[in-house]
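Residue numbers 223 to 564, in the numbering used here, belong to the letters of the sequence shown in order. Ideal Cβ positions, reconstructed from N, Cα and C, are used throughout, including at glycine. Worksheet: one structure, shown below.
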Amino acid sequence: MSSAMPNNQTTNNKTLTSKGFSVDLKTWGPFVALVVLALLGVLINPAFLGLDNLSNMLTRSAFIGIIAIGATFVITAGGLDLSVGSMAAFIAGVMIILMNSLVEQFGAGVTTVLFGVGASLLLGLCAGFINGVVTTKGKIEAFIVTLGTMGIYRSLVTYLADGGTLTLDWAVRDIYRPVYYGSFLGITIPVWVFFFVAIIGYILLNYTRFGRYCFAIGSNEKVAEYSAIHVDRIKTMTYMLQGVCVALATIIYVPRLGSASGATGVLWELEAIAAVIIGGTMLKGGHGRIWGTVVGAIMLTMIGNILNLTDAISNYLNGTVQGIIIIVAVYLQRASWRKAGP
223 MSSAMPNNQT TNNKTLTSKG FSVDLKTWGP FVALVVLALL GVLINPAFLG
273 LDNLSNMLTR SAFIGIIAIG ATFVITAGGL DLSVGSMAAF IAGVMIILMN
323 SLVEQFGAGV TTVLFGVGAS LLLGLCAGFI NGVVTTKGKI EAFIVTLGTM
373 GIYRSLVTYL ADGGTLTLDW AVRDIYRPVY YGSFLGITIP VWVFFFVAII
423 GYILLNYTRF GRYCFAIGSN EKVAEYSAIH VDRIKTMTYM LQGVCVALAT
473 IIYVPRLGSA SGATGVLWEL EAIAAVIIGG TMLKGGHGRI WGTVVGAIML
523 TMIGNILNLT DAISNYLNGT VQGIIIIVAV YLQRASWRKA GP
């Protein structure tokens with residue numbers, strides 16, 4: 223009897239925790255909030271449910287969503303990347319310069335676009351590697367490192383544009399346009415890319431050794447080291463994955479406007495981090511949710527969309543509304559983890 227009692231008590235506690243409000247809030251909170259926000263949008267303006275509006279909203283959320291999926295890995299492993307917006311601007315600028323320069327040699331065709339896409343992925347991988355190596359090997363806080371590279375990338379694209387705007391050759395842009403404006407089965411290409419990146423991210427984070435290592439490092443880096451996990455390598459890989467996600471987002475962003483400048487990607491880093499936090503990933507690391515991040519990215523875009531459909535609140539207050547939601551999301555996270563704790 224005495225040996226059975228602790229087991230029963232442990233089982234009961236687990237059952238109560240799994241059925242309690244705290245677990246439901248962590249798991250389903252972002253999805254419930256998305257539904258409530260969507261209902262609010264319908265009540266404010268029935269046009270919210272229009273197919274064109276929904277398609278436009280999902281397409282716009284793809285950029286931040288793809289970047290936020292990469293950020294989920296970085297934050298889950300206890301890191302932070304503030305350079306993603308500037309990195310996107312720099313990659314876009316280099317892509318445009320490269321493709322424009324290749325027009326004379328290869329013409330305004332698919333080959334030129336493929337070279338630009340390849341350069342984008344390589345730059346993203348290298349930029350992430352630099353952030354990861356400087357952070358881990360240099361033993362410098364990620365906040366400081368990525369704050370520095372944020373300024374570097376923003377300055378570089380401004381220099382390349384000579385303080386102005388880099389514009390993609392019109393002939394190349396005609397070939398490249400379907401990457402943003404094209405669709406398959408009635409769904410735009412950026413949304414498809416967002417969806418597939420989310421699936422791959424979910425599998426990586428939840429069903430691979432790499433994902434388990436991210437959770438372990440974010441929970442307790444010292445314990446992870448004692449468990450023979452190559453902490454520096456894994457953390458560097460998360461930044462490289464973040465760089466690839468930024469590159470993918472840039473690849474589908476460039477054909478939208480066909481230009482890049484020092485103003486490209488401004489505040490994308492904050493929106494990406496906000497999407498991750500709203501989705502239920504803990505900012506201190508050790509816990510991450512890919513599908514929550516997807517919902518968070520859609521919610522942020524939805525807020526701006528709803529504000530555009532109503533005159534009750536100025537669209538200029540979009541940042542204010544997002545900020546309030548971020549604060550509330552973090553507060554609810556802390557409250558739910560306290561209830562779930564011992």
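Linking Y424 to I547 through their CA atoms gives a straight-line distance of about 24 Å. Cβ neighbours of L539 within its own chain (closer than 8 Å, five residues either side excluded): L529.
Around the Cβ of E363, a 10 Å sphere holds fewer than 16 other Cβ atoms; the residue is exposed.
Counting of Cβ neighbours within 10 angstroms places L390 among the buried residues, the total reaching 16 or more. Going by C-alpha positions, R399 is about 17 Å away from L388. For the pair T294 and K457, the CB atoms are not nearer than the 9 Å cut-off. When the Cα atoms are used, L320 and G370 turn out to be separated by approximately 25 Å.
For V258 and G251, the gap between their C-alpha atoms comes out near 11 Å. Taking a 10 Å sphere around the C-beta of F285, we find 16 or more other C-beta atoms and assign the residue as buried. Just so you know, the alpha carbons of G338 and I318 end up roughly 7 Å apart. Distance check between A494 and each of A311, L262, V306 and R282 places V306 closest, using alpha-carbon atoms only. The alpha-carbon of G263 is positioned some 40 Å away from that of V332. Here T503 is near H509, since their CB atoms are less than 9 Å apart. Per DSSP, L280 is one residue of the alpha helix (DSSP H) stretching across L273 to T298.
For S305, no alpha helix (DSSP H) encloses it, and the DSSP letter there is neither H nor E. Inclusion of C467 and V419 in the CB contact set at 9 Å is warranted, their separation being smaller than that value. When beta bridges are read from the DSSP output, F406 appears opposite I409. C-alpha of G465 to C-alpha of P268: approximately 39 Å in a straight line. For L426, the CB contacts under 7 Å within the same chain, skipping 5 residues up- and downstream, are F432 and G433 in chain order. Taking every protein chain shown into account, the CB of S449 has fewer than 16 other CB atoms within 10 angstroms, so this residue is exposed. If the five residues before and after V367 are omitted, its C-beta is found closer than 8 Å to the C-beta atoms of N353, V356, T357 and G360, all from its own chain and listed in chain order. The continuous alpha helix (DSSP H) containing T357 extends over residues V332 to K359. Taking a C-beta distance under 9 Å as the contact criterion, A290 and C436 do not qualify as a contact pair. Leaving aside the five residues that flank W490 on each side, the residues in its chain whose CB is nearer than 7 Å to its CB run, in chain order, I286, I289, V306, G307 and A310. Listed in chain order, the non-local C-beta contacts of M521 below 8 Å within the same chain comprise P252, A255, L256, L259, A497, I500 and I547, local neighbours out to five positions each way being set aside. Excluding sequence positions up to five before and after L271, its CB lies within less than 7 Å of the CB of V264, all in the same chain and listed in chain order.
Look at A482 here: in three-state DSSP terms it is strand. Per DSSP, reduced to three states, the secondary structure at L390 is coil, with no helix or strand assignment. The shortest C-alpha to C-alpha distance from N322 to any of W392, L345 and M459 is the one to W392. Separation of L276 and D303 (C-alpha to C-alpha, rounded to the nearest whole angstrom) is 30 Å. Going by beta carbons, I397 and G404 fall outside the 9 Å limit. DSSP places M317 in the helix class (H, G or I) of the three-state scheme. Runs of the alpha helix (DSSP H) spanning 4 or more residues and lying entirely within the stretch 433–517 occur at 443–448, 453–479 and 490–500, in chain order. Comparing C-alpha distances from G487 to each of R376, S342 and T334 shows the shortest one belongs to R376.
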